[in-house]
Amino acid sequence: MIRHIILSVALVTTLAGCFCNQNEADAGDPYAMTQVWQHNYAMDRPWHGGYYYQNSGQPTALIVPPTAHMRQTLSWGVSQNLMYPIHHQFGRSASSPGAAQRGSFRPTPNWPSHTDQFGVYYVRGPW
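The opening position of the sequence shown corresponds to residue 1 in UniProt numbering, with each subsequent residue numbered one higher.
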């Protein structure tokens, strides 16, 4: 009798495993959702900050590999060392060189206090 109960429980468990839809249990592709967030963020905000790079007079994109996802900003004085995601990805759709007209950005201060003030900003590469 016990043998029949054990066999019937094993049969029911096997059948439940065969007919269970595994796709419903998946959480989805987390990287696809991250790509959507990064795209939406990049569509609403510029890739550069408010400072220009001294050598070019414009904000300069530092192209990093597309697998890079975070950047670190450093500050001296009162410590503000922070990590930020890199949202923008390099594309060839720019209509003109540079980010804006000359004079639209601030120069690097004589005594910079943060790495964002140097005018070089991370942008992920397309490859």
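All C-beta atoms in this analysis are idealised placements derived from N, C-alpha and C, irrespective of residue type, glycine included.
Selection from V78, T108 and Y41 that minimises the alpha carbon distance to P59: Taking the sequence shown and counting its residues from 1, the one referred to as residue 59 is at position 59. Nearest C-alpha to P59: T108.
Suppose contacts are defined by Cβ-Cβ distances below 7 Å. Is L74 in contact with T115 by that definition? Start at 1 with the first residue of the sequence shown, and residue 74 comes out as number 74. Start at 1 with the first residue of the sequence shown, and residue 115 comes out as number 115. Yes. Within cutoff.
I'd like to confirm something about G49: is its beta-carbon nearer than 6 Å to some heavy atom of the ligand MN, or not? This structure lacks the ligand MN; in fact it carries no ligand of any kind.
With distances taken Cα to Cα, identify the nearest neighbour of residue 129 among R3, H87, Q72 and Q54. Since the first residue of the chain shown is 1 and the last is 127, residue 129 is not available in this structure.
How would you label R124, buried or exposed, when you count the other beta carbons within 10 angstroms and need 16 or more for buried? If you number the sequence shown from 1, residue 124 lands on position 124. Counting Cβ neighbours within 10 Å, R124 comes out buried, since at least 16 surround it.
Spatially closest choice to Y52 from I2, N40, L62 and M70, by CA coordinates: As a working note, residue 52 is residue 52 in the sequence shown. Out of I2, N40, L62 and M70, L62 has the C-alpha closest to the C-alpha of Y52.
Would you call A25 buried or exposed, if buried means 16 or more other Cβ atoms sit within 10 Å of its Cβ? For this step, residue 25 is matched to residue 25 along the sequence shown. Its pLDDT being 46, under 50, A25 is placed unreliably by the model, and nothing is read from it.
Check this for me: beta carbons of H88 and A32, under 7 Å apart or not? Along the sequence shown, read from residue 1 onward, the residue named residue 88 stands at position 88. Along the sequence shown, read from residue 1 onward, the residue named residue 32 stands at position 32. No. Outside cutoff.
Would you mind stating whether I86 and R71 have Cβ atoms separated by less than 7 Å? Taking the sequence shown and counting its residues from 1, one reaches residue 86 at position 86. Taking the sequence shown and counting its residues from 1, one reaches residue 71 at position 71. Yes, these two residues count as a Cβ contact at 7 Å.
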